[in-house]
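Peer 1: With my numbering as the guide, the letters of the sequence shown map in order to residues 146 to 1030. Here a beta-carbon is modelled for each residue, glycine too, at the ideal position from N, C-alpha and C. Given the structure is predicted, the values throughout are model-derived calculations rather than measurements.
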Amino acid sequence: MAENFFPVSGSRYRKFDTLYLDSDGNPPQRIYTLIDENGNTLFEDCNRELLRAILRNNDVDALAQYLTKYPEVTESLYSSGLDVFYQAAAYGDVDVLRSLLLHYALHTNNMQSPNERGSLLLNIACKNCRVNTVRFLFDEYPEYADIHARDEDNTSAILAAAGWSGWNIDEASRRDEIMHLLLDRGASAKDFSQWPSPEQVMVKVDQPRENVLTLAAPWAGPDLIRRLIDKGADPDEKTCTYNTADRGVVWKKEVNLGVTALFVASIYWNVEVVEMLRRHHKSSGGVAELVSRRDSCGRLPLHWAAGGMDTLKLLVDPSAVNAQDNDGETPLHYAAHSYGRLTSIYKGVFQYLLENGADASIRNREGRTPFQFLCDRFNDGIPLDAATMSLLYTESEDLSHGDANGNTSNKLDPRRLRSPAIKMAYNPRMSIIPASQQQSRSRKKEEEADAFMRLPDREIVGCITDIGINFTIADLQKPNPAHVQQIFEWFAELLLNATRETVEPAMRAAAEDICGEFADVVSPDTRNLMGFFVSLRRLLVECGIQDFSFNDLYKPTYERLVKIFSYLINFVRFRESQTSVIDEHYNKAESTKTRIEALYGENQDNESRLEDMKNNRQAMEAQVREKTMRNEELKRRLLELRRSQEKVAARLEEAKQKKGELTTLLEQRTQEKITMKQESAKLRPYVLQSPSALQQNLTELRDILNNDKTRIDALDRRARALQTSADSFGVVGSDVASCIKILEEIAMEMAKEDEEMAKNTKQREALSERGNNAREVERAEQMLKRQLAKWNERTEKLREQSNQKAQDAKEKMHELRATHKKLTEEQTNKGKEMEIRRVRIEQTEKKMLDLKENIENEVHSAYDEYLKMEAHIKLYITEMEQTVG
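Listed below in structure tokens is the structure:
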């Protein structure tokens, strides 16, 4: 038995003690099992719910047993969309996440990095408000905690933390803590959500998808919003916001443009943030301009805030309370349309708007009033009361007045009129029209529209004849499919430049791509007519024919042709009448196209200039490096010369000092010599009197003279050496003067170099800026290349799958043909046998009929005999009774 890793009761995993079976009662192909502390076997299901339970319970020992038995599960689950690293980060328990990261550290060669699986651990922890996990990643695994990294959705950590997923107050508190933690570590408050891929870009705009401020505006407190603004977030930055219809706003488009943080805070009734944004703009004197900004649908923040009383009070302006959006709807329309979740609040909203000048009689572009929107909510099952309805009902309200779609206020569902008060408040004289009458009325309107568009037969025939096609009233009343197809083809060529010949290459290529060598199974004429039908149907839909079908080409009828030709001719006439407008727009389109081409050419020129500047920058950088090296070499040589000059100057001073000392010593010795000569002259008379003493004195004098001569020779040599040194010092001095002159020239050259360096710095900054732009373009290009590679890979896979399917279909076709041939032969043989059996059966049936006739004759004869016998018996009985009597 496997080692028991479970230290706690297995009751947490009790539901996994039975083998999982699918809907057909079959077990999975591979059975994953674990052992609890009681020795019971736990079974994994197909959705890995046991592993999820282990991660949710932060059960490190159970996870260790799971990874020990099935180490490949991390990669197999990643390929199936369930990644254990992301699940652990989402559940917020650091122990299992630490175990998984240690497991990855031991198996890096066989596993993919946790941050290379499409998302990022830090982003998942931030998105799910896991404060402990975020701190754990920052403290213990900083390599997985890059606050500037983006996942496959182009989302950074602060964007993931700012995203809103519910009304949980505890979640908002944890999000706030994570946001402050990220800001403390250098996250950008100006970050914005990028469009991830071209297929997700619903509109071509220059605005970011969402920024940190608009993501945090629904739930954040004023302190966090203030800090974001202080960190550089722009509260006036316009973004794109997706549909959030759960907040009650009538959304016109899937993506709304021109949305700022104030709009988002208004729709989520974040009163504190709205008040803080007002104060922020009040300090700059822009509150009036703030509340009067409109989004891409022409709505004010007041429209967005139409469901919340406190937010409404901060944004209401009597001069703008009746402001209409692009569809002509006022804030009162929005409040009426959003009615239903908190009826008491909306009743107060209606009353507050009306008290501040809201006009309940204003109609939108479809001719609908707020009262009609309120009636729509009633038909959706939202209860109304008389007081609420009376607030929006006006004397000018015409209950039978229809909007652009023919809907009126008196079309309330009668099954929902349960309260007498509602009936009285609505209108006791209203008429409730049955649904059948509504349908007949809609059909009648369609017939009236067709009658309005319908042209006389003679006019239709005349128009078609004018275009050069022989067509009569008889041809219209009894249409010929080939003739009708010719007329349709002429109209399509005129309006779409499409004929069966123009679609023939594409249809042939499609047939060859799908059917391969069996492309001619469908005849080319039929195939081309099918392709032509698609173009023709698109044209007729634009003309107003919504029900055009293939029967109108193969089996045309008089009524259908009159309708279709009438719509087509009216469309052509309208187009001819609007030729000037079309030409004007075409010219504008051509000018726009020319402008685009010019901008493209300018962009190409700028790119070439940028490339030249890059090359110049590289050459300039090489020159700067060379001059810098030369400058450093000259500085080094200059320093060496200065040190040599200092040494030579020191030696010169020392030599001069020694020369002075030696000169003084020479003068002193010369003076001593002269003195001794004078004394010798004085002593000479006395010396002559004593030869021996004279000889001794001479000897001493000779010694003294020799010593003096030696000293004089030494002094002469020293003087010559000093003279040589002085000459050397002169040469060195001239060299030093030359060096000084060179240094001055170098200083001038360095000044020029500094000027060039300043210019280079400016150019480097410009190049850096353009380099950043180029890097952004390169990053976007790399992203697009990756996406293109993914799509190419998917296309290649689809092509391989289609080829495989085509091969399988071809093999299956061969098998079916062989089977069909075999069945045909069997059918032929069985047909012969059945013919023989049929003849035999007919003969047998004939024999049976003869036999049946014989049997019937025998039965009739037997019956006659029976009747005779019965008559004889009765006669005999009668005779016996008479005899006895």
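On the DSSP bridge list, what partners appear for THR384?
Peer 2: DSSP, once it has assigned bridges, lists VAL404 as partnering THR384.
Peer 1: So, at 7 Å on beta carbons, what are the nonlocal neighbours of GLY366 in its own chain, with the 5 sequence-adjacent residues on each side left out?
Peer 2: The residues are ASP321 and GLU417.
Peer 1: With a CB to CB cut of under 6 Å and the five nearest residues on each side skipped, what residues in its chain are close to ILE269?
Peer 2: So the list reads TYR231, ALA234 and ALA235, once near-sequence residues are dropped.
Peer 1: Use the C-beta contact count for ASP861: other C-beta atoms within 10 angstroms, 16 or more gives buried, fewer gives exposed.
Peer 2: Under this definition ASP861 is an exposed residue.
Peer 1: Determine the DSSP secondary structure at THR773, reduced to helix, strand or coil.
Peer 2: Three-state result, THR773: helix.
Peer 1: Could you tell me the alpha carbon to alpha carbon distance between ARG392 and ILE412, rounded to whole angstroms?
Peer 2: With a pLDDT of 48 at ARG392, under the threshold of 50, the predicted position of this residue should be treated as unreliable, though the coordinate-derived value follows. In a straight line, the C-alpha of ARG392 is about 7 Å away from that of ILE412.
Peer 1: Measure the C-alpha to C-alpha separation of SER258 and THR300 and round it to an integer number of angstroms.
Peer 2: Cα to Cα, SER258 sits roughly 19 Å from THR300.
Peer 1: Okay, do the stretch 891-905 and the stretch 815-823 touch, 3+ Cβ pairs below 8 Å being the bar?
Peer 2: No: fewer than three Cβ pairs fall under 8 Å.
Peer 1: So if DSSP puts SER338 in a beta bridge, which residue, or which two residues, is it bridged to?
Peer 2: SER338 pairs with GLU355.
Peer 1: Please state the DSSP three-state secondary structure of LEU187.
Peer 2: In the structure shown, LEU187 sits in a strand (DSSP, three-state: E or B).
Peer 1: Check whether the Cβ atoms of ARG762 and LEU912 sit closer than 9 Å, and answer yes or no.
Peer 2: Yes, Cβ-Cβ distance for ARG762 and LEU912 is below 9 Å.
Peer 1: Alpha carbon to alpha carbon, what distance is there between GLY613 and THR647?
Peer 2: Spanning the two alpha carbons is a distance of roughly 21 Å.
Peer 1: Nearest by alpha-carbon distance to LEU212: which of SER668, TYR177 and LYS738 is it?
Peer 2: Measuring from the Cα of LEU212, the nearest candidate turns out to be TYR177.
Peer 1: Alpha helix (DSSP H) containing THR456: first to last residue?
Peer 2: Note, THR456: alpha helix (DSSP H), 454-460.
Peer 1: On the DSSP bridge list, what partners appear for ILE659?
Peer 2: Answer by DSSP bridge pairing: none, since ILE659 is not bridged.
Peer 1: Ignore the nearest five residues each way along the sequence and tell me which others in PHE678's own chain have a CB closer than 8 Å to its CB.
Peer 2: Here the set comprises PHE695 and LEU698.
Peer 1: Beta-carbon separation of LEU435 and VAL466 under 9 Å?
Peer 2: No, they are not a contact pair.
Peer 1: Measuring CA to CA, which of LEU459, MET421 and GLY452 is closest to SER437?
Peer 2: Checking every option, the nearest Cα to that of SER437 belongs to LEU459.
Peer 1: Can you list, in chain order, the residues of its chain whose CB lies under 6 Å from that of ALA139, leaving out five sequence neighbours each side?
Peer 2: No answer is possible for residue 139: the residues shown for the chain start at 146 and end at 1030.
Peer 1: Determine which residues share a DSSP beta bridge with LEU179 and list them.
Peer 2: BP columns for LEU179 point to LEU187.
Peer 1: Is the CB-CB distance between GLY377 and SER333 below 9 Å?
Peer 2: Cβ distance < 9 Å, so GLY377 and SER333 count as in contact.
Peer 1: Hey, out of LYS822, LEU933 and LEU786, whose CA is closest to LYS886's CA?
Peer 2: The option with the nearest alpha carbon to LYS886 is LEU786.
Peer 1: Rounded to the nearest angstrom, how far is the Cβ of ALA290 from that of LEU326, given a contact under 8 Å?
Peer 2: Contact doesn't hold; Cβ gap of about 11 Å is too wide.
Peer 1: So, are the CB atoms of GLU640 and LEU674 less than 9 Å apart?
Peer 2: Going by the sequence as given, residue 640 is Leu instead of Glu. For LEU640 and LEU674, no; Cβs fall outside 9 Å.
Peer 1: HIS628 lies in the alpha helix (DSSP H); which residues open and close that run?
Peer 2: Start and end: 626-641.
Peer 1: Classify VAL1029: buried if its beta carbon has 16 or more other beta carbons within 10 angstroms, exposed otherwise.
Peer 2: With fewer than 16 Cβ atoms within 10 Å of its Cβ, VAL1029 is classed as exposed.
Peer 1: Write down the C-beta distance between ALA481 and LEU447 rounded to the nearest angstrom, noting that I regard them as a contact closer than 8 Å.
Peer 2: Between LEU447 and ALA481 the Cβ distance is about 14 Å, and since that is not below 8 Å, they are no contact.
Peer 1: Distance, Cα to Cα, ASP470 vs GLY512?
Peer 2: When rounded, the distance between both Cα atoms is 14 Å.
Peer 1: Span of the alpha helix (DSSP H) holding LEU445?
Peer 2: Counting along the chain, LEU445 falls outside any alpha helix (DSSP H), and DSSP gives it neither H nor E.
Peer 1: Tell me the rounded alpha-carbon separation between GLN1027 and GLU1015.
Peer 2: Cα to Cα, GLN1027 sits roughly 18 Å from GLU1015.
Peer 1: Just to confirm before moving on: does the CB-CB distance between GLY453 and ASP472 stay below 9 Å?
Peer 2: Against a cut-off of 9 Å, the Cβ pair of ASP472 and GLY453 comes out as no contact.
Peer 1: Determine the burial state of SER711: buried for a count of at least 16 other Cβ atoms within 10 Å of its Cβ, exposed for fewer.
Peer 2: Buried, because 16 or more other Cβ atoms sit within 10 Å of the Cβ of SER711.
Peer 1: Secondary structure at TRP936, three-state DSSP: helix, strand or coil?
Peer 2: Note: TRP936 maps to helix in three-state DSSP.
Peer 1: Mapping the DSSP letters down to three states, classify SER947 as helix, strand or coil.
Peer 2: It is helical.
Peer 1: Leaving aside the five residues before and after ASN501 along the sequence, list all residues of the same chain whose C-beta is less than 6 Å from its C-beta, in chain order.
Peer 2: So the list reads VAL461, PRO463 and VAL466, once near-sequence residues are dropped.
Peer 1: When you compare the stretch 864-881 with the stretch 760-774, are there three or more beta-carbon pairs, one atom per stretch, that lie closer than 8 Å?
Peer 2: In short, these stretches do not touch, since the Cβ pair count stays below three.
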